[in-house]
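Here the sequence shown is numbered in the working numbering, starting from 475 and rising by one per residue. Glycine included, every Cβ here is placed at the ideal spot set by N, Cα and C. Note that the structure is a prediction, hence the values are computed from the model and not measured.
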Amino acid sequence: MERLILSIETSCDDTSVAVVSDGGTIRANVVSSQIEEHAPYLGVVPEIASRAHLTNIPQVFQAAMTRAGIGLNDLSAVAVTQGPGLIGSLLVGLNFAKGLALGTGLPLIGVNHIRAHARAAFLAFGEIPLPALVLIVSGGHSHLFLRQDDDALTLLVKTRDDSAGEAFDKLAKMLDLGFPGGPVVDRLAAAGDPRAYRFSQPKISDGSLDFSFSGMKTAALRHLESHPTDFRDPEGQPVRDLCASFQTAVVQHLMHRVNLARERYQPRSLVLGGGVACNSGLREAFRLLGKKHDLATFLTPPALCTDNAAMVAAEAWQRARRGEHDGLDLAPDIKFPAYDAYAPLHSGG
Ligand code: KG4
Ligand code: ZN
475 MERLILSIET SCDDTSVAVV SDGGTIRANV VSSQIEEHAP YLGVVPEIAS RAHLTNIPQV
535 FQAAMTRAGI GLNDLSAVAV TQGPGLIGSL LVGLNFAKGL ALGTGLPLIG VNHIRAHARA
595 AFLAFGEIPL PALVLIVSGG HSHLFLRQDD DALTLLVKTR DDSAGEAFDK LAKMLDLGFP
655 GGPVVDRLAA AGDPRAYRFS QPKISDGSLD FSFSGMKTAA LRHLESHPTD FRDPEGQPVR
715 DLCASFQTAV VQHLMHRVNL ARERYQPRSL VLGGGVACNS GLREAFRLLG KKHDLATFLT
775 PPALCTDNAA MVAAEAWQRA RRGEHDGLDL APDIKFPAYD AYAPLHSGG
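And the structure:
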């Protein structure tokens, strides 16, 4: 008999409820975006996010149940994002999930949001040859993992300052391009010259290969300050060129680490996920690296890259298979680490 997991995602600014069958078949994946509410502030306002989740979640839940064509009796577990994320946002999802679990007697399964992003590719592609190098780049996090088996993730690279998504969002803010910045920078970059502006790659003196995006942000600000009038027209060529040059620098920075990790760990496949994985330049670079080294390459489809509850159900399925579940005292964990082991990639070997 198929097992249906109802899953809830409210870690940041998307309210999402999904129904997934046997960890792999999406029956419904409803996402309600709050972009319009946060756009005037050019970033996510936590207080607004939690209030909006509270208002939206009953309708999103109903829509997911209707789309899946099921009733509560058909479910076998309730899964929810436990963290990392915004505390008020996480609490709304967690409490809704607990209410459902209590009312139905179903097991409750807490899920790590970043592990869920790393699982999203399995929803789209099924089996992925392991070991796999998994790059998860989002608005909150930038992580390169090695997945050796179905359950274990080893963290190889993390960011020491901004995430890749924040870097895109901050560039867009400087250029007055609106929020979120990633999609608009991506669009403008397509018609820009990536060699027009110089962005040197960060040099970290201790040999660490952590990601670092703050230097690129400062370089962008310098370019802007040195010719302020050039950048007034948001559709003008200088803006397109700056977006293209910046995007290329971010992609090169990420891919440099991915390639070193590939040399060191000889994976069988490459996986790309998280909101920034929608970026066309990054997708192309990933695809080319896979092709060059004859590696199976799995680019998570854009709808499963940005925050969604289906990926939460897919990760919960792994926990359910191991017989794991949580009690009604499940608490949000805003810093919930996503990895089982940490083996930092280092330039020395
Ligand atoms: O994974 P996600 O939906 O939320 C978090 O968990 O953070 O990622 C959102 C991030 C935002 O920073 C957004 O600007 C970025 O993903 N993003 C992109 C693109 N589409 C979304 N960044 C670059 N290029 C894109 N096409
Ligand atoms: Zn996310």
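Item                                                                                                                                                                                 : Value
Using beta-carbon positions only, say whether Thr633 and Phe685 come within less than 8 Å of one another.                                                                            : yes
Using only the alpha-carbon positions, how far apart do Phe760 and Val725 sit?                                                                                                       : 9 Å
Check each candidate in Gln622, His591, Phe596, Asp548 and name the one with the smallest Cα separation from Leu609.                                                                 : His591
Would you kindly report the start and end of the unbroken beta strand (DSSP E) that includes Arg621?                                                                                 : 616-621
Could you name the residues of the same chain whose beta carbon sits closer than 7 Å to that of Gly584, not counting the 5 residues immediately before and after it, in chain order? : Val554, Gln556, Asp800, Leu804
Three-state secondary structure (DSSP) at Ala787?                                                                                                                                    : helix
Rounded to a whole number of angstroms, what is the C-alpha to C-alpha distance between Arg742 and Lys765?                                                                           : 12 Å
According to DSSP, is Gln711 part of a helix, a strand, or is it coil?                                                                                                               : helix
Starting from Phe772 and walking both ways along the beta strand (DSSP E), at which residues does that stretch end?                                                                  : 770-773
So, for Leu695: in the same chain, excluding its five sequence neighbours on each side, which residues have a beta-carbon less than 7 Å away from its beta-carbon?                   : Met648
Look up Thr529 in the DSSP assignment and say whether it is helix, strand or coil.                                                                                                   : helix
Are Val566 and His527 touching if we call contact CB-CB under 8 Å?                                                                                                                   : yes
Would you kindly check if the distance between the Cβ of Leu549 and the Cβ of Leu478 is under 8 Å?                                                                                   : yes
Within the present structure, is the beta-carbon of Phe619 separated from the nearest heavy atom of ligand 1 by less than 7 Å?                                                       : no
According to DSSP, is Glu601 part of a helix, a strand, or is it coil?                                                                                                               : coil
Would you check if the distance between the CB atom of Val505 and the CB atom of Ser495 is smaller than 8 Å?                                                                         : no
Are there any heavy atoms of ligand 2 lying less than 7 Å away from the beta-carbon of His512, as far as the coordinates show?                                                       : no
For Ser485, count the other beta carbons within 10 Å of its own beta carbon; 16 or more makes it buried, fewer makes it exposed. Which is it?                                        : buried
From Leu546 to Thr578, what does the alpha carbon distance come to, in whole angstroms?                                                                                              : 7 Å
Three or more C-beta pairs under 8 Å: does that hold for the stretch 695-714 against the stretch 659-674?                                                                            : yes
Under 8 Å, do Ala638 and Val750 count as touching if we go by C-beta distance?                                                                                                       : yes
Which residues end up in the neighbourhood of ligand 2 when you take C-beta atoms closer than 5 Å to any of its heavy atoms?                                                         : Ser612, Asp781
Under 7 Å: does the beta carbon of His591 sit that close to some heavy atom of ligand 1?                                                                                             : yes
Quick one: Cα of Pro776 to Cα of Cys752, how far?                                                                                                                                    : 5 Å
Check for me: the alpha helix (DSSP H) holding Thr578 runs from which residue to which?                                                                                              : 561-578
Determine the burial state of His701: buried for a count of at least 16 other Cβ atoms within 10 Å of its Cβ, exposed for fewer.                                                     : exposed
From the DSSP output, in three-state form, read off Thr484 for me.                                                                                                                   : coil
Going by the beta-carbon positions, is the gap between Pro558 and Gly614 smaller than 8 Å?                                                                                           : yes
Have a look at Ser481, His820, Gly498 and flag the residue whose alpha-carbon is nearest the alpha-carbon of Gly681.                                                                 : His820
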